[in-house]
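Asks:
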Ligand code: SF4
Ligand code: SF4
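Numbering (my numbering), first residue to last: 2 to 291.
(1) Assuming residue 56 contacts residue 163 (C-beta within less than 8 Å), just tell me the rounded distance between them.
(2) What does a CB cutoff of less than 8 Å around residue 148 pick up in its chain, not counting 5 residues either side in sequence?
(3) Roughly how many whole angstroms lie between the Cα atoms of residue 236 and residue 38?
(4) Comparing the CB of residue 101 with every heavy atom of ligand 3, is any distance shorter than 8 Å?
(5) Which word fits residue 276, buried or exposed, when buried means at least 16 other C-beta atoms lie within 10 angstroms of its C-beta?
(6) What does the alpha-carbon distance come out to for the pair residue 89 and residue 36?
(7) At a threshold of 8 Å, does residue 112 count as lining ligand 1 (C-beta to nearest heavy atom)?
(8) Less than 9 Å separating the beta-carbons of residue 215 and residue 252?
(9) From which residue to which residue does the alpha helix (DSSP H) around residue 59 run?
(10) Let me check one thing: in DSSP terms, what residues is residue 139 bridge-paired to?
(11) In the DSSP assignment, find the alpha helix (DSSP H) that holds residue 1 and state where it starts and stops.
(12) Going straight from the alpha carbon of residue 272 to that of residue 129, what length do you get?
(13) Using 8 Å for Cβ pairs, my map puts residue 26 next to residue 160. What's the rounded Cβ distance?
(14) Determine the closest residue to residue 249 out of 30, 207, 167, with distance taken between C-alpha atoms.
(15) If distances are taken between C-alpha atoms only, which option among 266, 209, 29 comes closest to residue 176?
(16) For residue 154, which of 280, 34, 24 has the nearest alpha-carbon?
(17) Applying the 10 Å Cβ sphere with the 16-neighbour rule, what's the burial state of residue 1?
(18) Pairing CB atoms from the segment 49-66 with CB atoms from the segment 82-98, are three or more of them under 8 Å?
(19) Identify the continuous alpha helix (DSSP H) that holds residue 236 and give its terminal residues.
(20) Beta-carbon separation of residue 31 and residue 157 under 9 Å?
(21) Excluding the 5 residues preceding and the 5 following residue 29 in the sequence, name in chain order all residues of the same chain whose CB lies nearer than 8 Å to its CB.
(22) Take residue 1 and list the residues in its own chain whose beta-carbon comes closer than 7 Å to its own, dropping the five residues that flank it on each side.
(23) Which word fits residue 98, buried or exposed, when buried means at least 16 other C-beta atoms lie within 10 angstroms of its C-beta?
(24) Buried or exposed: where does residue 260 fall if 16 or more other Cβ atoms within 10 Å of its Cβ makes it buried?
(25) Buried or exposed for residue 116, going by 16 or more other Cβ atoms inside 10 Å?
(26) Provide the residue span of the beta strand (DSSP E) that contains residue 89, from first to last.
(27) Using 10 angstroms around the beta-carbon of residue 241, count the other beta-carbons present and answer buried if the total reaches 16, otherwise exposed.
(28) Measure the beta-carbon distance from residue 296 to residue 118 and round it to whole angstroms, keeping in mind my assumption that it falls under 8 Å.
(29) Ligand 1 heavy atoms versus the CB of residue 45: any closer than 8 Å?
(30) Between which two residues does the beta strand (DSSP E) carrying residue 44 extend?
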């Protein structure tokens, strides 16, 4: 998203929007304090709309000791992140309610592993790419909702202090490469083209199903196509953080052709052959009388 896009969004924010359209930097101060004794305790978790990031799922499925696909089936709702049906996941609510599945009278039952969006609140953040800049820059803003009394509490802090306090330095670092992949897809629009359903399935697995991605990496089919050292493969399967970094490299290769994982010469040949056959079939289908 460019700064121009951001300006457009700010113009479109209705005056009663909870988003305060003042950009904050890491050193900006804002007034806010959330604590257990506040009168609105738990209010924000009773009506949620939380988009999950890959690292949120990795932390929460490890906490519960189940596989990523089991966790996703149990606690999430799918939604399309863009017009090309890029898969996104929202945190589930209790049946017949808008309250979070993890909310208990005493507070959040997964507090130590709560998702990125819960940690950020009442801040919002957005990655923007300035005109001509290679890097995506993070901008922050305050989200002010009438039920949230934390804004009236006499405590100020910088954005940087808040991110540290909320454990977001680690969360943002783990999710950054993936976030940039999603941003690139959104900002490049038609130049990247409409992804195939297969590449969207791979996006789904690489983003939200780390255990299935591990199984995919260990499968004979993967080794037939990709030339990856056995020692490196073993290390990746044993370290989930490194495995997720590798899945992001794989995604960039699939979505944007950024080749960082070697492909066997025979597999390359087979792929070229298949592409040629598909082209021939399409051309034959275009012949008059067909
Ligand atoms: S995960 Fe915890 S903090 Fe986040 S909405 Fe649910 S109960 Fe609230
Ligand atoms: S202060 Fe805001 S964030 Fe904290 S419990 Fe109240 S509504 Fe939720």
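All C-beta atoms, glycine included, are put in the ideal place defined by N, C-alpha and C.
Replies: Considering the structure as presented:
(1) Residue 56 sits at position 55 when you count from the first residue of the chain shown. Residue 163 sits at position 162 when you count from the first residue of the chain shown. That pair is no contact at about 19 Å.
(2) Residue numbering aside, residue 148 sits at position 147 when the chain shown is read from its first letter. So the qualifying residues of the chain are 41, 44, 45.
(3) The residue given as residue 236 occupies position 235 in the chain shown. The residue given as residue 38 occupies position 37 in the chain shown. Going from the Cα of residue 236 to the Cα of residue 38 covers about 46 Å.
(4) In the structure on display, ligand 3 does not appear, and the ligands it does have are ligand 1 and ligand 2.
(5) Taking the first residue of the chain shown as 1, we reach residue 276 at position 275. Counting Cβ neighbours within 10 Å, residue 276 comes out exposed, since fewer than 16 surround it.
(6) Position 88 of the chain shown, counted from the first residue, corresponds to residue 89. Position 35 of the chain shown, counted from the first residue, corresponds to residue 36. So the alpha carbons of these two residues sit roughly 30 Å apart.
(7) Counting from one through the chain shown, the residue named residue 112 turns up at place 111. In terms of side-chain proximity, the C-beta atom of residue 112 is found nearer than 8 Å to a non-hydrogen atom of ligand 1.
(8) In the chain shown, counting from the first residue as 1, residue 215 sits at position 214. In the chain shown, counting from the first residue as 1, residue 252 sits at position 251. Not closer than 9 Å, so no.
(9) Within the chain shown, the letter at position 58 stands for residue 59. According to the DSSP assignment, residue 59 belongs to the alpha helix (DSSP H) that extends over 55-65.
(10) Position 138 of the chain shown holds residue 139. DSSP lists 128 as partners of residue 139.
(11) Limits of the chain in this structure are 2 at one end and 291 at the other, which puts residue 1 out of reach.
(12) As a position in the chain shown, residue 272 is number 271, starting the count at 1. As a position in the chain shown, residue 129 is number 128, starting the count at 1. The alpha-carbon separation between residue 272 and residue 129 amounts to approximately 36 Å.
(13) Position 25 of the chain shown, counting from 1, holds the residue named residue 26. Position 159 of the chain shown, counting from 1, holds the residue named residue 160. Rounded to the nearest angstrom, the Cβ distance from residue 26 to residue 160 is 7 Å, consistent with a contact under 8 Å.
(14) Residue mapping note: residue 249 aligns to position 248 of the chain shown, counting from 1. Comparing Cα-Cα distances from residue 249 to each of 30, 207, 167, the minimum goes to 207.
(15) Looking up residue 176 in the chain shown gives position 175. When each option's Cα is compared against that of residue 176, the closest is 209.
(16) Position 153 of the chain shown, counted from the start, is the residue given in the question as residue 154. For the set 280, 34, 24, the Cα lying nearest the Cα of residue 154 is the one of 34.
(17) The structure shown does not extend to residue 1, since the chain spans only 2 to 291, so no value can be given for it.
(18) At 8 Å Cβ cutoff, the stretches touch.
(19) The count along the chain shown starts at 1 and reaches residue 236 at position 235. Run containing residue 236: 231-239, per the alpha helix (DSSP H) assignment.
(20) Position 30 of the chain shown, counted from the start, is the residue given in the question as residue 31. Position 156 of the chain shown, counted from the start, is the residue given in the question as residue 157. Closer than 9 Å, so yes.
(21) As a first step, residue 29 must be located in the chain shown, where it is residue number 28. Around residue 29: 141, 159, 160.
(22) Limits of the chain in this structure are 2 at one end and 291 at the other, which puts residue 1 out of reach.
(23) Translated into positions along the chain shown, residue 98 becomes position 97. That one is exposed.
(24) If you number the chain shown from 1, residue 260 lands on position 259. Classification of residue 260: exposed, given that the 10 Å Cβ count is below 16.
(25) Here residue 116 refers to the residue found at position 115 of the chain shown. Buried is the label assigned to residue 116, since at least 16 other Cβ atoms lie within 10 Å of its Cβ.
(26) In the chain shown, the residue the question calls residue 89 occupies position 88. In the DSSP annotation of this structure, the continuous segment of the beta strand (DSSP E) that includes residue 89 starts and ends at 88-92.
(27) Against the chain shown, residue 241 aligns to sequence position 240. Answer is buried; the Cβ neighbour count reaches 16.
(28) Nothing about residue 296 can be reported from this structure: the residues present for the chain run from 2 to 291 only.
(29) If you number the chain shown from 1, residue 45 lands on position 44. At least one heavy atom of ligand 1 lies less than 8 Å from the C-beta of residue 45.
(30) Locating residue 44 in the chain shown gives position 43, counting from the first residue. No residue range can be given for residue 44, since it is assigned to no beta strand (DSSP E) and is classified by DSSP as neither H nor E.
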